[in-house]
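Below: the structure, in structure tokens.
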Amino acid sequence: MAPRPRSRLHVPHPPARPGDPVDFSYVRTSPAGEMPRPEVAAPVATLAPLANELVRVLGDDHRAVGAWDPHLEPDVLQVGLRHMLLTRLFDERMQRTQRQGKISFYMRSLGEEAVSVAQAMALRPGDMLFPSYRNQGIYMVRGRPLVDLMCQLLSNTRDMCKGRQLPVMYHWKDGNIFSISGNLATQFPQAVGWAMAAAIKGQDDVACAWIGEGSSAEGDFHSAMIFAEVYNAPVILNVVNNQWAISTFQGFAGGEQATFAARGPGYGIPGIRVDGNDFLAVYAVTQWAAERARTGSGPTLIEHVTYRAAAHSTSDDPSRYRPKDEYERWPLGDPVERLKSHLVALGEWSEERHAALAKELEEHVTKSWKEATKFGTLTEGPKLDPDLMFEDVYKEMPPHLEKQRAQLRAELAAAAAERGAERG
Amino acid sequence: MSARQTYRDALREAHRSALGGDPRVLLIGEDVGRYGGSYAVSRGLLDEFGPDRIVDAPLSELGFVGAGVGAALGGLRPIVEIMTVNFSLLALDPIVNTAASLRHMSGGQFHVPLVIRMATGAGRQLAAQHSHSLEGWYAHVPGLRVLAPATVDDARGMLGAALDDPDPVVIFEHAQLYNVDGTLTAPGGDPDIAHARVRRPGGDVTLVTWGGMLPRTLAAAAELAEAGVDAAVVDLRVLRPLDMATVYESVRRTRRAVLVDESWRSGGFAAELSARLMECAFYDLDAPVERVATAEVPIPYARQLEEAALPQVASIVAAARRCLGGSA
Ligand SMILES: Cc1ncc(C[n+]2csc(CCOP(=O)(O)OP(=O)(O)O)c2C)c(N)n1
């Protein structure tokens, strides 16, 4: 008799480590144009295939095909390309700026630009966005000047966060973009709560939130799903599956046996797995989910299959845990290149126009940086006054803070006097 | 004489000997495997001990601390690493409501031999959500032992002792200490997890502190010495159960006490120390107890703001002088 099998601890192991040949055989793809596009009010039970297949619009021939083609005008596509390219060039420059010691920290969204840009474009200005730290593209779409983002990175006198938050953790109330949290996944249930409020007030605005696949292991994800389903909240919940959470591959977030989108139906929410590097597909599924939410059919979970092409942050060195050439072999390509090739195929774009656009945007970044540094850099003034940190803890400053502020002033004055005396 | 090593290296060595010495010990946490942990404490250990003992975890503090409780109940001796203390807030429920209370609630039937390590503290420009000093919160909870190693001896010695403890132990590693180096005074470090230590004897004023504030407090004592003030420095090391005898002994001699606490002033751990001094050493004191603590604001990011918010050498020196009646 064969011995009875025993339980054994399974510790997920990534398909390839540094030095190994790249292996993306686990990424299941579907041909472009293959998936049907259901009615937005379709019952969840009928939507299961969307969670396991892959919605794609752009084919290998760079043409848009199938029911999910959003039929966007070329000028809209060109705007999308512009925002994605600007995001990429801004990221590149800020990365170099960090390497030169001019800012302390940065996080790039290289390879994932289509997610933020296409989604923000598919939504309305009144829709509330709850980003993670890798969604800078939404700031491009909503038109926040680069100078403002740079001043936040520099933590200078024009910093929107007044020197209080980590670089890239932008906040923009007037642009309907919620604060980025340094603690993962908190935005998910908060987006659901905002959507519940919209429903209570009878508005047709929707909330849209993003988290990484790694963060989808946090309890916040699961609580958000429950609340979204129970209250039929008008919310779009996005899992950006870029394969890596710092050094931990997506298998550690539960991606080995099921897709992330497939969690949706388990909660009674439609799940859509989309090619996250296909601008048109991302746009189309977002449009679908937004329409579903706005018209009372409730939440949607979208999994964007993409790849984190850059390091996790400027503090990370991915060559320690994954093969160097993974991105070159990523089966879903590069989102900027793919949209560009589509426009070229349509006869609406060319290498020359692309080069000219890149040059224009580069110059814009350079000019913005010059402007931003006028308000202070890490080394040169003007600088924020430490006094300011006592403000905004409460609307009115309570007495204990008045006292602590007075003590700090006295200590700083004494230290300055001492330095003066030493020099004098 | 052993060679100099960093606090981080001492911690790694402590893990190595714990893992090597007891097959029930395992380390679990975010990015602890190939990456070596967010502060590189476990770097290299995956190759030595394999993925079943240096276990990468899904990003869920609630998940891996809760699972740590379960694995401890299942007979293992897990070490759970939480990237930083603020993320431990997601796991407060298993720590406070289960691990700390279970022995008591079950009438002594169950106990949780779990070790939870986490980085703590500010000073690295990581802003409000990554710079907390909440060890005082944990020190409030009966059933937990709370350690704050501040030297390489303690980094090397405390982990093994914590694993031998049949009850849950929470270890706070101040992020500013990982690169600090020193020399072990004994090969296995200092395995005492019950007592405070006098790091510098002195007769004029007692400076009491722990963890990341120790180097700064010692620097303040050195500065005071230049001005002719002989300050004693007591390193608490263990915040719960608290060894006050060592503190009282020093205060009895110096008749003055300054408490240096990186947490926010109102309701901080220094407030507890101050209350105990008032209860048990009131007649030994010649001056009111002074507290040096962090400004009560979420820790800002910009360097000059962060520095202004935190206790600095100058503020410790100033407090000592106030305590001495301005006579120094
Ligand atoms: C609650 C919490 N735990 C851990 C961290 C540390 N941390 C920051 S980013 C990160 C990885 C997140 O990966 P993922 O969600 O996949 O997003 P990605 O970085 O790939 O965009 C971790 C572990 C944190 N910031 N907050």
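Those protein sequences? They're chains A and B, same order as listed. Sequential numbering of the first sequence, starting at 241, is according to the numbering used here. Sequential numbering of the second sequence, starting at 6, is according to the numbering used here. Heads up, the beta-carbon is just placed ideally off N, CA and C, and yes, glycines get one too.
Inter-residue spacing [alpha-carbon to alpha-carbon] between residue i and residue j
i	j	result
B:Ala226	B:Val238	7 Å
B:Leu51	B:Arg21	11 Å
B:Cys285	B:Tyr253	8 Å
B:Met6	B:His135	Annotation note: pLDDT 49 at B:Met6 (below 50); position unreliable, no value reported.
A:Lys402	A:Leu624	8 Å
B:Ser65	A:Ala493	9 Å
A:Gly433	B:Leu16	43 Å
A:Phe519	A:Pro575	7 Å
B:Ala333	B:Val294	Confidence at B:Ala333 is low in this model, with a pLDDT of 49, below 50, so the placement of that residue should be treated as unreliable; the coordinate-derived value is given next. Near 17 Å, if we compare the C-alpha coordinates of B:Val294 and B:Ala333.
A:Tyr379	A:Met368	13 Å
B:Val60	B:Asp14	20 Å
B:Pro118	B:Ile84	9 Å
A:Ala435	A:Pro505	20 Å
A:Arg649	A:Asp627	7 Å
B:Gln130	A:Asn472	41 Å
A:Glu642	B:Ala325	23 Å
A:Ala661	B:Ser320	19 Å
B:Gly233	A:Arg333	53 Å
A:Ile509	A:Pro276	18 Å
A:Gly491	A:Pro243	29 Å
A:Thr337	B:Ser111	57 Å
B:Pro56	A:His552	22 Å
B:Cys328	A:Gly415	51 Å
B:Tyr306	A:Ile343	12 Å
A:Pro558	A:Trp484	10 Å
A:Arg404	B:Arg257	42 Å
B:Gly162	B:Ala314	32 Å
B:Gly80	B:His116	10 Å
B:Gly41	B:Ile198	26 Å
Nearest neighbour of residue i, chosen from the options [CA to CA]
i	options	result
A:Ala447	A:Arg663, A:Ala438, A:Leu298 and A:Lys610	A:Ala438
A:Val316	A:Met361, A:Ser581 and A:Leu386	A:Met361
B:Phe177	B:Leu282, B:Leu131, B:Val243 and B:Ala76	B:Val243
A:Lys580	A:Pro245, A:Gly273, A:Ala285 and A:Asp301	A:Asp301
A:Tyr547	A:Val267, A:His250 and A:Pro252	A:Val267
Proximal residues of chain B, C-beta to C-beta of residue i below 7 Å
i	result
A:Tyr561	Arg39 and Tyr40
A:Ala282	By Cβ distance, chain B contributes nothing, its closest Cβ being about 32 Å from A:Ala282, past 7 Å.
A:Gln644	Ala300 and Glu301
Listed by chain order, chain B residues near residue i by CB distance under 9 Å
i	result
A:Leu520	Per Cβ cutoff of 9 Å: no residues; A:Leu520 is ~31 Å from chain B at best.
A:Leu217	In this structure chain A extends from 241 to 664, so residue 217 of chain A is not present and cannot be described.
Contacts that residue i makes with chain A (C-beta to C-beta distance below 9 Å)
i	result
B:His135	Leu406, Gly422 and Asn423
B:Ser271	His640
B:Gln309	Gly403, Lys623, Leu624, Asp625 and Pro626
B:Asn91	Gly422 and Asn423
Contacts of residue i in chain B (Cβ-Cβ under 8 Å)
i	result
A:Val262	The contacting residues do not exist; A:Val262 stays about 17 Å from chain B at best.
A:Glu651	Ala319, Ser320 and Ala323
A:Ala655	Ala319
A:Val251	Pro56, Asp57, Val60 and Asp61
Chain-ordered neighbours of residue i on chain A, where CB pairs are closer than 7 Å
i	result
B:Val167	The question names Val, but residue 167 of chain B in the sequence shown is Ala. Within 7 Å Cβ-Cβ: nothing; B:Ala167 doesn't reach chain A, min ~24 Å.
B:Gly68	Ala457
B:Tyr306	Ser395, Gly403, Arg404, Gln405 and Leu406
B:Phe54	Those do not exist, as B:Phe54 stays about 12 Å from chain A at its closest Cβ, beyond 7 Å.
B:Asp266	Under the 7 Å cutoff, chain A gives no residues; its nearest Cβ is about 14 Å from B:Asp266.
B:Asp336	Nothing in the structure corresponds to residue 336 of chain B, since chain B is present only between 6 and 333.
Partner residues on chain A for residue i, Cβ-Cβ distance less than 8 Å
i	result
B:Val302	Met629, Phe630, Val633 and Leu641
Spell out a yes or no on whether the stretch 351-367 of chain A and the stretch 392-402 of chain A are touching, meaning 3 or more CB-CB pairs, one atom from each, closer than 8 Å. no
Can we say the stretch 604-615 of chain A touches the stretch 317-333 of chain A, given the rule of at least three CB pairs closer than 8 Å? yes
Would you call the stretch 490-502 of chain A in contact with the stretch 286-293 of chain A, where contact means no fewer than 3 C-beta pairs closer than 8 Å? yes
Under 7 Å (Cβ pairs) to chain B, residues found in the stretch 454-487 of chain A: Gly454, Ser455, Ala457, Glu458, Gly459, Ala485, Ile486 and Ser487
I want to know whether the stretch 34-53 of chain B touches the stretch 205-216 of chain B - three or more CB-CB distances under 8 Å. no
Decide if the stretch 531-543 of chain A is in contact with the stretch 562-576 of chain A; the criterion is three or more beta carbon pairs, one per stretch, under 8 Å apart. no
According to a CB-to-CB cut-off of less than 7 Å, which residues of the stretch 342-362 of chain A neighbour chain B? Ser344
Name, going along the chain, the residues of the stretch 615-630 of chain A whose beta-carbon falls closer than 9 Å to a beta-carbon of chain B. Leu618, Lys623, Leu624, Asp625, Pro626, Asp627, Leu628, Met629 and Phe630
Report yes or no: do three or more beta-carbon pairs, one from the stretch 460-467 of chain A and one from the stretch 257-264 of chain A, lie closer than 8 Å? no
Could you list the residues in the stretch 107-128 of chain B with a C-beta less than 9 Å from some C-beta on chain A, going in chain order? none
If we count Cβ pairs, one from each stretch, closer than 8 Å, do we get three or more for the stretch 471-478 of chain A versus the stretch 301-313 of chain A? no
Can you give me, in chain order, the residues of the stretch 174-191 of chain B that have a beta carbon less than 9 Å from any beta carbon in chain A? none
Interfacial residues, the stretch 56-83 of chain B to chain A, with Cβ spacing under 9 Å: Pro56, Asp57, Val60, Asp61, Ala62, Pro63, Leu64, Ser65, Glu66, Leu67 and Gly68
Mind listing which residues of the stretch 488-517 of chain A have their C-beta closer than 8 Å to chain B's C-betas, in chain order? Thr488, Phe492, Ala493 and Gly494
Under 8 Å, with one C-beta from each stretch per pair, do the stretch 87-105 of chain B and the stretch 272-292 of chain B reach the 3-pair mark? no
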